[in-house]
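Residue numbers (this note's numbering), protein chains in the order written: chain A, 1 to 225; chain B, 1 to 256. Backbone N, C-alpha and C fix where the C-beta goes; we use that ideal spot for every residue, glycine too. All values derive from a computational prediction rather than experimental measurement.
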Amino acid sequence: MKEVLTISAIFEIAPQLWRGVQITVSILIASALFAYAMSFIAGLCRLSNNFLLRKLTGFYVELFRGTSLIVQLFWLYYAVPMLFGINLGSNWWIGVIAIGLNYGAYLSEVVRSSILSVSQGQYEAATALNMSSFQRMRFIIFPQAVRMMLPEFGNYTIQILKGTSLVSLIGLTDILYYGDVMRSTSLSLSPLIYLTALIFYFILALPLIFLTRKAEKIAKKGAAS
Amino acid sequence: MAEPIVTYQDVHKSFGDVEVLKGIDLDIYPAEKVAVIGPSGSGKTTIIRLLMTLEQPTAGDIIVDGRNLWKMEKNGKWVHANENHLRSIRGDIGMVFQHFNLFPHMTILENCMTAPIHVKNEEKNDVKKRSIEMLERVGLGDKLDNYPSQLSGGQKQRVAMARALVMRPKIMLFDEVTSALDPELVGEVLNVIRDIAENDDMAMVLVTHEMDFALDIADKVLFLDEGVIAEQGTASEVIEHSENPRVQSFLQRFRG
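Encoded structure:
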């Protein structure tokens, strides 16, 4: 009797949580793309010959790696408009920007270290073939570095998915938000609501896990002979 | 004899406080095969790395085909060469490395084709034809679409030679190209070098530990010791008949 109740309850909960999937997925995609872009910009800047550029991006990276995502989210949502009168747009955009900047900082270190880990011999072989520094980067270093980055990019994308659950705290109606709303009306269902939410996140993560595995295989094939 | 294609004039190179080359004077003539021998740490590899522009000399000049490699004239003054100047000369020089340094993300055909297409702007079909010919010449015509990780060390080194040859350099540098190979694979690589030495008219500089091979193919042998050319002459002069005690003790140690 109890099992039947549990299952029918899950069927009741799932459609409610489903209403939040669109926000969770759209934030995931947008903030992941933003984080990827930031990671390449910041990662390459940190390898630049320009002292100022290097220091500035270093400051960005350490700032966003060294403070908590949720505080950054609150800063952008509450503090920045109040202090500077800057409106960053809807709370959807603020969620995307905060998560993108945060994970962009982590991923920039992946970009930087991958480029640095391409062996010196590769630079030398490219030089011996008279490639320009741009050609060396474009044809030799970058393609190898990207292969090495792929698995870490997969891992961080899964992290970003989990990070999106914080946006319910700035009023976005994601999966967790609808879970919280349901719990406040039917407290006894709490365990089942959060179980269902976990299942939702896990199902969303499955394709990412699969892609990460695949990325690992590609990385193994392409790098170091 | 013709004008030298490469001239070293009192070339010095230091790494930090350590002076590796202490004044090298050397002429290399077109089509000449030069072997560089000597104890490890004597600066052999550094000599050719300076010519490939992988290291910068601390002092002295290297002249390649009439042009100063590391210096250029600007507003009537000699200044340090920039990337464009280096590139304008570097195209004449090719190099094969001890550790092959093939591009692992490309097939061996792509390894050969990338630079001629993008660096020399040559027509893709011509480059492909020439690359295949060159890979066939080194005995790898059946491996065109393999990746470097699927090849043995000797095969990798042969690809590296084909890759350098497709660029049609006037000077080829070989940096201990058999040192990282298993003994049974050394022969196949030396055979390719011998083939190049006999049939191509480019100058070759080989840094090597293969004394018998050097004796066999080199027009000129340099014995390098503690950063100076301690002895130079024909292979038989240096390897077989040198009276220099350092050469003798090196060869003795070498041959056990």
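Residues near residue i by beta carbon distance below 7 Å, same chain, minus five either side
i: L166 of chain A; result: L69, I70, L73
i: I160 of chain A; result: L28, S31, A32, A35, I99, Y103
i: I41 of chain A; result: none
i: F213 of chain B; result: L190
Unbroken alpha helix (DSSP H) run spanning residue i, endpoints
i: M38 of chain A; result: 21 to 45
i: A81 of chain B; result: Run containing A81 of chain B: none; DSSP gives neither H nor E here.
i: E124 of chain A; result: 120 to 128
i: K44 of chain B; result: 44 to 51
i: G141 of chain B; result: No alpha helix (DSSP H) contains G141 of chain B, which DSSP labels as neither H nor E.
i: K162 of chain A; result: 142 to 163
i: V159 of chain B; result: 153 to 166
Where residue i falls: helix, strand or coil (DSSP)
i: Q232 of chain B; result: strand
i: V18 of chain B; result: strand
i: P4 of chain B; result: coil
i: F97 of chain B; result: coil
i: N75 of chain B; result: coil
i: H118 of chain B; result: helix
i: N49 of chain A; result: coil
i: G66 of chain A; result: helix
i: N177 of chain B; result: A quick correction: the sequence has Val, not Asn, at residue 177 of chain B. The answer is coil: DSSP assigns V177 of chain B none of H, G, I, E or B.
i: M204 of chain B; result: strand
i: G23 of chain B; result: strand
i: G66 of chain B; result: coil
i: D288 of chain A; result: Residue 288 of chain A cannot be examined here, being either before or after the span of chain A that is shown, 1 to 225.
Close-in-space but distant-in-sequence residues of the same chain around residue i (CB under 6 Å, 5 per side omitted)
i: A59 of chain B; result: H12
i: D174 of chain A; result: G20, I23, T24, V167, S168
i: Y177 of chain A; result: G20, S168
i: W78 of chain B; result: K71
i: S114 of chain A; result: A145, M148, M149
i: G233 of chain A; result: With chain A covering only 1 through 225, there is no way to say anything about residue 233 of chain A.
Run of the beta strand (DSSP E) containing residue i, from where it starts to where it stops
i: H105 of chain B; result: First-last for H105 of chain B: undefined, no H or E at that position.
i: V36 of chain B; result: 33 to 37
i: F223 of chain B; result: 220 to 225
Own chain residues within Cβ distance below 8 Å of residue i, not counting five before or after
i: I86 of chain A; result: V80
i: V97 of chain B; result: Residue identity check: residue 97 of chain B is Phe in the sequence provided, not Val. Cβ neighbours of F97 of chain B beyond the five flanking positions: A160, D175, V177.
i: P191 of chain A; result: none
i: R46 of chain A; result: R54, T57, G58, V61, S108, R112
i: D10 of chain B; result: G23, I24, D25, A59, G60, D61
i: S131 of chain B; result: L109, C112, M113, P116, A162, V166
Interface residues of chain A facing residue i [CB-CB closer than 8 Å]
i: P57 of chain B; result: None at all; the shortest Cβ gap to chain A is about 16 Å.
i: M167 of chain B; result: L129, N130
i: G43 of chain B; result: Within 8 Å Cβ-Cβ: nothing; G43 of chain B doesn't reach chain A, min ~18 Å.
Under 9 Å by beta carbon: chain A residues contacting residue i
i: V119 of chain B; result: L129, N130, M131, S132, Q135
i: G154 of chain B; result: The premise fails here: G154 of chain B is roughly 14 Å from chain A at the closest Cβ pair, so nothing lies under 9 Å.
8 Å Cβ cut-off: residues of chain B touching residue i
i: I218 of chain A; result: Those within 8 Å of I218 of chain A in chain B number zero; the least Cβ separation is about 10 Å.
Listed by chain order, chain B residues near residue i by CB distance under 9 Å
i: E124 of chain A; result: R49, M52, L54, M95, F97, N101
i: F139 of chain A; result: F103, M106, T114, A115, H118
Chain B residues whose Cβ lies nearer than 7 Å to that of residue i
i: R147 of chain A; result: H105
Looking at C-beta atoms only, is the number of pairs between the region 228 to 246 of chain B and the region 54 to 74 of chain B that lie closer than 8 Å three or more?
Short answer: they don't touch.
Contact between the region 173 to 188 of chain A and the region 5 to 21 of chain B: three or more CB pairs below 8 Å?
Too few Cβ pairs lie closer than 8 Å, so no.
Along the region 96 to 120 of chain A, what residues have a CB closer than 7 Å to any CB found in chain D?
Looking at the structure shown, chain D is missing, and the protein chains on hand are A and B.
Can at least three beta-carbon pairs, one atom from the region 205 to 217 of chain B and one from the region 26 to 39 of chain B, be found at a separation below 8 Å?
yes
With contact counted as at least three CB pairs below 8 Å, one residue from each stretch, are the region 147 to 155 of chain A and the region 201 to 212 of chain A in contact?
yes
Tell me whether the region 80 to 100 of chain B and the region 49 to 58 of chain B touch, counting them as touching only if at least three CB pairs, one residue from each stretch, are closer than 8 Å.
yes
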